[in-house]
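What follows is one structure encoded as structure tokens, with my remarks underneath.
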Amino acid sequence: MLALRTTAAWGAALLLFFPLGWLLLTAFKTELQAISVPPLLWFRPTLESLYAVQERSDYLLYARNSVVTSVLSTLLGLVLAAPAAYAMVFFKVRHTRDILMWMLSTKMMPAVGALVPVYVLAQKSQLLDTQLVLIIVFALSNLPIMVWMLYTHFKDIPHEILEAARMDGATLWQELRLVLLPLGMGALASTGLLCLVLSWNEAFWSLNLSAAKAGTLATLIASYSSPEGLFWAKLSAASLMAIAPIVVFGWFSQKQLVQGLTFGAVK
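So for the sequence shown, UniProt numbering puts the first residue at 1; every next one is plus one.
Below you can see the structure in the form of structure tokens.
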């Protein structure tokens with residue numbers, strides 16, 4: 001039975017890793033090797049496609065835009081979500097649950113349904129192809145998830161601790177800074193890490209609201225799909241260069257992310 005479970009686990013892991021592994025192999029092939037039939041498993045690796053991506057496109061520009069938009073949108077989302085979750089947990093009103101369900105329901109709407117009004121607003125505000133519009137849209141699109149995660153975590157904080165702080169004369173700011181922030185640091189970290197990954201991987205809004213000036217790495221990848229055809233080796237190289245930073249970041253922060261996501265799950 002143990003051997004069967006182990007085999008099934010390895011099979012599932014290999015199945016999930018196969019697309020990423022094939023992308024890694026293709027990134028170090030030439031275009032002819034990438035489209036060869038049957039596919040080449042043994043070949044001499046080359047950095048030709050990686051050099052071609054850097055020569056054709058300013059990779060560092062797109063990478064900088066991804067870093068700026070994902071980090072700032074996450075910080076903006078936390079600034080908005082933390083007070084909202086705090087108020088919903090410790091100052092409940094009659095419709096708190098309804099508000100939470102409404103916020104969650106907004107994630108069920110396809111993003112394309114909001115494209116036209118968001119695009120028009122960005123155009124009228126002269127924010128098209130700017131980092132600011134992506135920061136705002138990314139933050140607002142992740143806001144329901146942030147509020148729900150922080151709400152779930154804050155519920156596990158005993159109300160008596162905050163009441164004791166108030167009885168000791170703590171102001172609202174002191175209560176948040178000296179009591180809630182230390183107790184909720186794991187929740188804030190896990191929520192921020194998750195939404196950072198979501199913002200980094202966001203492609204729909206990047207492709208529709210930005211271009212060469214404020215485009216993220218998703219825009220860079222899309223540029224390798226042209227009417228002339230798909231350049232598989234260069235497309236794989238661009239994809240590898242786009243996902244490598246966030247994969248490395250996720251690898252080193254996986255312990256904190258898992259701890260934060262499971263915070264309060266076990267009593």
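Note that beta-carbon positions come from the ideal geometry of N, C-alpha and C, so glycine has one too.
Check                                                                                                                       : Outcome
Taking the C-alpha atoms as reference points, what is the distance between Leu132 and Leu61?                                : 15 Å
Would you mind stating whether Ile135 and Ser73 have Cβ atoms separated by less than 8 Å?                                   : yes
What number of angstroms, rounded off, separates the C-alpha of residue 275 from the C-alpha of Phe204?                     : Nothing can be reported for residue 275, as the shown portion of the chain is limited to 1 through 267.
Does Glu48 come out as helix, strand or coil in the three-state DSSP assignment?                                            : helix
Please classify Glu55 as buried or exposed, where buried requires at least 16 other C-beta atoms within 10 Å of its C-beta. : exposed
By the DSSP assignment, the alpha helix (DSSP H) with Thr69 in it spans what residues?                                      : Tyr59 to Phe90
Is it buried or exposed, Glu160, if we count other Cβ atoms within 10 angstroms and call 16 or more buried?                 : exposed
Would the beta-carbon of Val147 fall within 8 Å of that of Ala81?                                                           : yes
Quick check on the DSSP output: the alpha helix (DSSP H) that includes Ala170 runs from which residue to which?             : Note, Ala170: premise wrong, no alpha helix (DSSP H); not H, not E.
Just the Cα atoms here: how many angstroms apart are Val79 and Pro182?                                                      : 16 Å
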